[in-house]
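Visitor: Dumping the structure here so I can ask a few things about it.
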Amino acid sequence: MPLTSDPACLLIDGTWTAAEDGRQRAVVNPFDASTLALVAEASAADVGRAVRAARAAFDEGSWAHAPAARRAGVLTATADALQEQREELAVLETLDTGKTLSESRADVDDATAVLRYYAALSAADPSRTVDTGRPDAVSRVVHEPVGVCALITPWNYPLLQICWKIAPALAAGNTVVAKPSEVTPLTTIRLFRLLQRKLEQAGAPSGTANLVLGGGAIGAALAEHPEVDLVSFTGGLATGRSVMRAAADTVKKVALELGGKNPNIIFADADLDAAVDFALTAAFLHSGQVCSAGSRLLLHRSLHAEFTAELARRAELIRLGSGLEKGVETGPLVSAEHREKVERLLAGALAEGAVLRAGGGRPSEPELQAGFFLRPTVLDGCHAGMTVVREEVFGPVLTVELFDQEDEVVALANDTPYGLAGAVWTQDAERGERVATRLRLGTVWINDYHPYVPQAEWGGFKQSGTGRELGPSGLREYQETKHIWRTVSPAAQHWFAG
Ligand code: NAD
9 MPLTSDPACL LIDGTWTAAE DGRQRAVVNP FDASTLALVA EASAADVGRA VRAARAAFDE
69 GSWAHAPAAR RAGVLTATAD ALQEQREELA VLETLDTGKT LSESRADVDD ATAVLRYYAA
129 LSAADPSRTV DTGRPDAVSR VVHEPVGVCA LITPWNYPLL QICWKIAPAL AAGNTVVAKP
189 SEVTPLTTIR LFRLLQRKLE QAGAPSGTAN LVLGGGAIGA ALAEHPEVDL VSFTGGLATG
249 RSVMRAAADT VKKVALELGG KNPNIIFADA DLDAAVDFAL TAAFLHSGQV CSAGSRLLLH
309 RSLHAEFTAE LARRAELIRL GSGLEKGVET GPLVSAEHRE KVERLLAGAL AEGAVLRAGG
369 GRPSEPELQA GFFLRPTVLD GCHAGMTVVR EEVFGPVLTV ELFDQEDEVV ALANDTPYGL
429 AGAVWTQDAE RGERVATRLR LGTVWINDYH PYVPQAEWGG FKQSGTGREL GPSGLREYQE
489 TKHIWRTVSP AAQHWFAG
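Per the numbering used here, the sequence shown starts with residue 9, numbered consecutively.
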């Protein structure tokens, strides 16, 4: 793809504009380190203009109080437009993130589905009347938009993550300022070009949806801005903590979707063919750069030799390459810096005594030398005290720990500050349900790994986050709840004598 320069790619108050100070940032293709595009790099002043535009659009009231059907129409039209540009968007996502084209196509479809889901959900009126016990009083509980929402997203699922936020935020009647990851902003820019057209056609105020681009400082400026009412953030734990701190001064609502260190538990009675197969997908999909990656295999001791041998054999066969190439199964890591971080954790694990069973370094194929590749790696002989078991690696590194008893594996799986997702493999249905109940995780799969639907909530226990995305709770995050009491025929009570 030729180098493109797109200086006017900030969307502020309905106008596509360059950064006020003209700064730009290069967006890099992780497959070969080439520059894909130059995009605007916002300043704090640009953030200020975007927030003020969103504030004015919200306070003007016509979007917040629009009939739900009008807002739903914008989401549905945007979903249609995504499908019309499905292939183009998928190619762009693959170039930007390195993931395979089939994964990118699935991301466009999932993004479409979430827009349609919240379009439908916004039409249902969840308000309720409350029995006051008084014949002369009517009491209602209603839901209203929160106001100006800052939406901050990570680099691994750029299009999907922004749609998880945009769809409920706009469905609820908020106005937004979005900031995608500086590493992979390209499909978010495309999405906003489509969305802005649909908002204009629906007569929404000009500052309803704003887009700023830039690094952590731009995210921080949004999180601390006094005119932002809510921050919805998806990213790493350390950044999430700093977002929470920045939001505290003005007591913003905060929704955090953070990292995971997700256990994949295999009991001795599991369907072993399926369990090995899914253990690979759980750990190595998108080179392990998935918040819910099953990076921690907890294996019944009786399966050790057979299971790890098959795991290692198949891990070695995983085909790396350009996500655009047919037959390639996984791509590179997203950046040189990120690969170095994963390599440091890997070296530390080996120093701590982990036993290398597959992978362990960069590939040797000449055509993969320019990109940020790392071979799918299986580390045997791990235990819960190791850094590689405790920290989110966010790369193609699977650790193997052994257990004997059910209680023991539940305790091991819960022995982490994270609580995002995980799986349990057993043919004993009762055991599956029992263990799922005891795991302190936001999502548990029994005999599966990774599926999700927009109707079901997604989010973390413990330090994997606060709040939920998707499902009805995902809409509630973007709503305030108000109680309206009406006395039909008011009469003086004379509580005070005068
Ligand atoms: P990151 O925390 O480095 O960055 C996320 C976003 O925050 C980016 O847009 C970044 O520019 C911005 N940012 C950086 N510093 C900031 C600050 N001080 N204030 C406000 N914003 C700031 O995360 P990443 O490396 O882009 O993404 C990987 C992480 O995201 C992993 O930990 C992964 O588990 C997590 N993640 C979680 C989910 C989930 O659903 N729970 C989904 C995807 C990714």
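For glycine and all other residues, C-beta sits at the position ideal for the given N, C-alpha and C.
From a predicted model like this one, the values you see are computed outputs, not experimental measurements.
Tell me which residue opens and which closes the beta strand (DSSP E) that isoleucine 226 is part of.
Guide: Isoleucine 226 -> not in any beta strand (DSSP E); alpha helix (DSSP H) instead, spanning 224-232.
Visitor: Does the beta carbon of glutamine 169 fall short of 8 Å from some heavy atom of the ligand NAD?
Guide: Result yes, Cβ under 8 Å from the ligand NAD.
Visitor: For tryptophan 493, is the beta carbon positioned less than 8 Å from some heavy atom of the ligand NAD?
Guide: Every heavy atom of the ligand NAD is 8 Å or more from the Cβ of tryptophan 493, so no.
Visitor: Can you give me the Cβ contacts of valine 220 inside the same chain, cut-off strictly under 7 Å, excluding the 5 residues immediately before and after it?
Guide: Closer than 7 Å at Cβ, skipping near neighbours: Leu18, Ala50, Asp54, Val55, Ala58, Val185, Lys187 and Ile226.
Visitor: Taking 8 Å as the cut-off, is the beta-carbon of serine 472 closer than that to any non-hydrogen atom of the ligand MN?
Guide: Ligands in the displayed structure: the ligand NAD; the ligand MN is not one of them.
Visitor: To the nearest angstrom, how far is it from the Cα of leucine 311 to the Cα of glutamate 337?
Guide: Each residue's alpha carbon lies about 27 Å from the other.
Visitor: With C-beta atoms as the reference, is glycine 367 less than 9 Å away from leucine 382?
Guide: Cβ distance < 9 Å, so glycine 367 and leucine 382 count as in contact.
Visitor: CB-CB under 7 Å to proline 425, same chain, minus the five flanking residues each way: which ones, in chain order?
Guide: Taken in chain order, the residues that qualify are Lys470 and Gln471.
Visitor: So, is proline 193 buried or exposed, given that buried needs 16 or more other C-beta atoms within 10 angstroms?
Guide: Answer is buried; the Cβ neighbour count reaches 16.
Visitor: Give every residue of the same chain whose Cβ lies closer than 7 Å to the Cβ of tryptophan 71, excluding the five residues on either side of it in the sequence, and list them in chain order.
Guide: Answer for tryptophan 71: Ala65, Gly181, Thr183, Ala212, Pro213 and Thr216, listed in chain order.
Visitor: I believe glycine 296 touches phenylalanine 411 by the beta-carbon criterion, under 8 Å. Please report the beta-carbon distance rounded to the nearest angstrom.
Guide: Actually they are not in contact, since the Cβ atoms of glycine 296 and phenylalanine 411 sit about 22 Å apart, beyond 8 Å.
Visitor: Can you name, in chain order, every residue of its own chain whose Cβ lies under 7 Å from the Cβ of glycine 475, other than the five neighbours on each side?
Guide: Excluding sequence neighbours, glycine 475 sits near Ala263, Leu264, Gly467 and Glu485.
Visitor: Report all residues from its chain with a CB closer than 6 Å to the CB of glycine 244; omit the five preceding and five following residues, and keep chain order.
Guide: Cβ neighbours of glycine 244 beyond the five flanking positions: Gly267.
Visitor: On the three-state DSSP scale, how would you describe threonine 466?
Guide: According to the sequence provided, residue 466 is tryptophan. The question's threonine does not apply to it. Reduced to three states, the DSSP call for tryptophan 466 is strand.
Visitor: Using CA coordinates, which residue listed in Leu168, His151, Lys206 and Gly155 is at the minimum distance from alanine 80?
Guide: Cα-wise, what sits closest to alanine 80 is Lys206.
Visitor: Can you check which of these residues, Thr385, Phe504, Val156 and Ala175, is closest to serine 481 by C-alpha distance?
Guide: Comparing Cα-Cα distances from serine 481 to each of Thr385, Phe504, Val156 and Ala175, the minimum goes to Ala175.
Visitor: I want to check one thing, is the minimum distance from the CB of tryptophan 163 to the heavy atoms of the ligand NAD below 8 Å?
Guide: Checking the Cβ of tryptophan 163 against the ligand NAD gives yes.
Visitor: Answer yes if the stretch 28-44 comes into contact with the stretch 98-110, meaning at least three C-beta pairs across the two stretches below 8 Å, and no otherwise.
Guide: Yes, the stretch 98-110 touches the stretch 28-44.
Visitor: Pick out the complete alpha helix (DSSP H) segments inside the stretch 286-363, 4 residues or longer, and give them in chain order.
Guide: Runs found: 312-325 and 344-359.
Visitor: Assign glutamine 169 to one of three DSSP states: helix, strand, or coil.
Guide: Looking at glutamine 169 - three-state DSSP - the assignment turns out to be helix.
Visitor: If you draw a straight line from the C-alpha of leucine 90 to the C-alpha of proline 134, how long is it?
Guide: Each residue's Cα considered, the two are about 29 Å apart.
Visitor: Please classify tryptophan 433 as buried or exposed, where buried requires at least 16 other C-beta atoms within 10 Å of its C-beta.
Guide: When all chains shown are included, tryptophan 433 counts as buried.
Visitor: Helix, strand or coil: how does DSSP classify glycine 430 here?
Guide: Residue state, collapsed to three classes: strand.
Visitor: State buried or exposed for arginine 136, treating a residue as buried only when at least 16 other CB atoms are found within 10 Å of its CB.
Guide: Arginine 136 is exposed by the Cβ-count criterion.
Visitor: Hey, is valine 191 close to the ligand NAD, as in C-beta under 8 Å from one of its heavy atoms?
Guide: For the ligand NAD, at least one heavy atom lies less than 8 Å from the Cβ of valine 191.
Visitor: Let me make sure I understand the geometry here. Which of Val122, Arg142 and Ala34 has the alpha-carbon closest to that of valine 496?
Guide: The residue with the shortest Cα to Cα distance from valine 496 is Arg142.
Visitor: Confirm, please, whether the CB-CB distance from asparagine 270 to alanine 464 is below 9 Å.
Guide: Result no, Cβ atoms of alanine 464 and asparagine 270 do not sit closer than 9 Å.
Visitor: Per DSSP, which residues does isoleucine 186 bridge with? Please list them.
Guide: First, the amino acid is wrong: residue 186 is alanine here, not isoleucine. Alanine 186 pairs with Leu159 and Leu219.
Visitor: Is there contact between the stretch 243-261 and the stretch 106-116, where contact requires at least three CB pairs shorter than 8 Å?
Guide: Segments in contact, no.
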